[in-house]
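A.B. asks:
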Amino acid sequence: MKEASHVYAYYAGNAHLVLKVWQFISESSGRPLWLYLVVSPKASDLLTALVRQSPRRESIILRELEPLAPDLDVGAPHLKGRLAGLMWQARKEGAERVCLVIDLQHEIEKHGLGGADLLRWERSCHEAWRGVGVETLCLHEARRAMDDHKAIRSIAQLHDRVLAEISGQE
Amino acid sequence: MFKTELEVLASQLEDLFAKNGYVITPEVIAMARRLDGLIAQELGNWAAEQGSPARSDLAELTANPKDRPKSTPGPRHPLSDQSRS
Numbered sequence: 001m002k003e004a005s006h007v008y009a010y011y012a013g014n015a016h017l018v019l020k021v022w023q024f025i026s027e028s029s030g031r032p033l034w035l036y037l038v039v040s041p042k043a044s045d046l047l048t049a050l051v052r053q054s055p056r057r058e059s060i061i062l063r064e065l066e067p068l069a070p071d072l073d074v075g076a077p078h079l080k081g082r083l084a085g086l087m088w089q090a091r092k093e094g095a096e097r098v099c100l101v102i103d104l105q106h107e108i109e110k111h112g113l114g115g116a117d118l119l120r121w122e123r124s125c126h127e128a129w130r131g132v133g134v135e136t137l138c139l140h141e142a143r144r145a146m147d148d149h150k151a152i153r154s155i156a157q158l159h160d161r162v163l164a165e166i167s168g169q170e
Numbered sequence: 001m002f003k004t005e006l007e008v009l010a011s012q013l014e015d016l017f018a019k020n021g022y023v024i025t026p027e028v029i030a031m032a033r034r035l036d037g038l039i040a041q042e043l044g045n046w047a048a049e050q051g052s053p054a055r056s057d058l059a060e061l062t063a064n065p066k067d068r069p070k071s072t073p074g075p076r077h078p079l080s081d082q083s084r085s
C-alpha cells in the first residue's frame with residue numbers, strides 16, 4: 001500500500017497559505033477528496049471561496065476541525081483514534097483521498113505551543129498519522145519562523161529531521 | 001529586509017486574490033511564485049527552484065479542461081519549498 005505523504009510547507013499570509021493547499025491537492029484531478037482543515041477562520045473562508053470558484057468543486061469536500069488538542073501526556077494514541085474516526089467518516093462518504101491541513105501558526109495561537117513543546121507535539125502528531133492513511137500538510141508561517149528562529153532554514157531543518165525519523169520508522 | 005519583502009508581497013497577493021474574486025489567475029500565480037521563490041531562497045534551495053520546470057500546477061487546475069495543454073513537463077511536486085517524507 002502506498003504510504004500517505006506528509007509535507008511541510010512555508011507560507012506568508014492567508015492567500016499564500018490557500019494557494020499552498022491548492023497545490024498540495026493538485027494531484028487529485030477529480031477524485032473525491034476530503035480536506036480536514038485546522039486553519040484560521042480567515043484561511044478557511046478563503047479556501048471555501050476558492051473551491052466554490054473551481055470547476056472541481058463537486059469533488060472537494062471541506063470540513064473544519066477544532067485545533068488538535070496538544071495533550072502531550074496522552075499523545076499519539078488519542079490522536080490516532082480521532083484521526084481513524086475522521087478517515088472512516090470520509091471513506092464512508094466516498095472520499096478517495098483524505099488530507100489533513102494544519103496551520104501550525106493557528107495551533108500556536110490557540111494553544112500557546114512554542115519551541116520544544118511545539119516540536120514534541122508535531123512528533124506526537126506524526127506518530128498518530130502513521131498507518132492511518134491520512135495525508136498531511138503542515139503549514140508554517142515564514143514570518144513567524146523568522147521571529148522564532150531567526151531563519152526559516154532552522155525550523156525547516158528541524159522539520160526535515162522529524163520527517164526523516166518518520167520515514168525511517170515506516 | 002527579507003521579512004519586509006515577504007510582508008509586502010503577501011499583502012499584495014491578498015489584495016489581488018480578493019480583487020479577482022478568489023480565482024487563480026496568471027497574476028495570482030506569478031505573485032505566489034515570487035513568494036515561493038523568496039522563501040525557497042531563504043531555505044537555501046534557490047538553485048533547485050530556478051532549475052525547475054516553468055509550469056504552474058495552479059494554472060492547470062483552474063483552466064478549462066479543454067484549454068489545458070495536451071502535454072506537460074514531467075511531474076514535480078508542486079510545493080517547491082517543501083519538506084516531504
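Going down the list, the protein sequences come from chains A and B. My numbering applies: residue 1 is where the first sequence begins, and numbers increase by one. My numbering applies: residue 1 is where the second sequence begins, and numbers increase by one. Just so you know, even glycine gets a beta-carbon here, dropped at the ideal spot from N, CA and C.
#1: Given that residue 16 of chain A touches chain B, what residues does it touch there, using C-beta distances under 7 angstroms?
#2: Would you mind working out which of A:13, A:35, A:15, A:31 sits nearest residue 137 of chain A, comparing C-alpha positions?
#3: 7 angstroms is my cut-off, CB to CB: does residue 87 of chain B come that close to chain A?
#4: According to DSSP, residue 129 of chain A sits in a beta bridge with which residue or residues?
#5: Return the residue from the list A:147, A:165, A:79, A:128 that minimises the CA-CA distance to residue 141 of chain B.
#6: Under three-state DSSP, which class holds residue 161 of chain A?
#7: In the DSSP assignment, find the beta strand (DSSP E) that holds residue 135 of chain A and state where it starts and stops.
#8: Assign residue 93 of chain A to one of two classes, buried (16 or more other C-beta atoms within 10 Å of its C-beta) or exposed (fewer than that).
#9: For residue 43 of chain A, report the span of its alpha helix (DSSP H) as first-last.
#10: Compare the C-alpha of residue 64 of chain A against each of A:5, A:37, A:121, A:47 and name the closest.
#11: Report the residue from A:17, A:165, A:4 whose alpha carbon sits nearest the alpha carbon of residue 104 of chain A.
#12: Measuring only between beta-carbons, confirm whether residue 5 of chain B sits less than 7 angstroms from chain A.
#13: What span of residues does the beta strand (DSSP E) with residue 9 of chain A cover, start to end?
#14: Here's the rule I'm using: 16 or more other beta-carbon atoms within 10 Å means buried, otherwise exposed. How should residue 88 of chain A be labelled?
#15: Tell me whether residue 24 of chain B sits in a helix, a strand or coil according to DSSP, three-state version.
#16: Among all the DSSP beta bridges, which residues are the ones paired with residue 64 of chain A?
#17: Residue 160 of chain A CB to nearest chain B CB: under 7 angstroms?
#18: Go ahead and pull the three-state DSSP assignment for residue 167 of chain A.
#19: Could you tell me the alpha carbon to alpha carbon distance between residue 82 of chain A and residue 101 of chain A, rounded to whole angstroms?
#20: Under the rule that 16 or more other beta-carbon atoms within 10 Å means buried, what is residue 23 of chain B, buried or exposed?
#21: Roughly how many angstroms lie between the CA atoms of residue 68 of chain A and residue 107 of chain A, to the nearest whole one?
#22: Where does the unbroken alpha helix (DSSP H) through residue 104 of chain A begin, and where does it stop?
#23: Hey, residue 6 of chain B and residue 9 of chain A are a contact pair by Cβ (cut 8 angstroms); roughly how many whole angstroms apart?
#24: Put residue 83 of chain B into one of helix, strand or coil per three-state DSSP.
#25: Just the Cα atoms here: how many angstroms apart are residue 19 of chain B and residue 23 of chain A?
#26: Just grab the DSSP bridge partners of residue 100 of chain A for me.
#27: Looking only at its own chain, which residues have a Cβ that is under 6 angstroms from the Cβ of residue 67 of chain B, when we skip the five neighbours before and after it?
C.D. replies: Answer, in terms of the structure:
#1: 10, 13, 32, 35
#2: A:35
#3: This structure gives no information on residue 87 of chain B, because the portion of chain B shown stretches from 1 to 85.
#4: According to DSSP, which records beta bridges pairwise, residue 129 of chain A is partnered with nothing at all.
#5: There is simply no residue 141 of chain B to check, as chain B begins at 1 and stops at 85 in what is shown.
#6: Helix, per DSSP.
#7: 135 to 141
#8: Under the 10 Å beta carbon count, residue 93 of chain A is surrounded by fewer than 16 other beta carbons and is classified as exposed.
#9: 41 to 53
#10: A:37
#11: A:17
#12: no
#13: 6 to 11
#14: exposed
#15: Shown here, residue 24 of chain B sits in coil according to DSSP, grouped into three states, outside any helix or strand.
#16: A:37
#17: yes
#18: Collapsing the DSSP output to three states places residue 167 of chain A in a helix.
#19: Each residue's alpha carbon lies about 15 angstroms from the other.
#20: exposed
#21: 8 angstroms
#22: 104 to 111
#23: That pair is no contact at about 14 angstroms.
#24: strand
#25: Spanning the two alpha carbons is a distance of roughly 21 angstroms.
#26: A:36, A:136
#27: With a pLDDT of 41 at residue 67 of chain B, under the threshold of 50, the predicted position of this residue should be treated as unreliable, and no value is reported.
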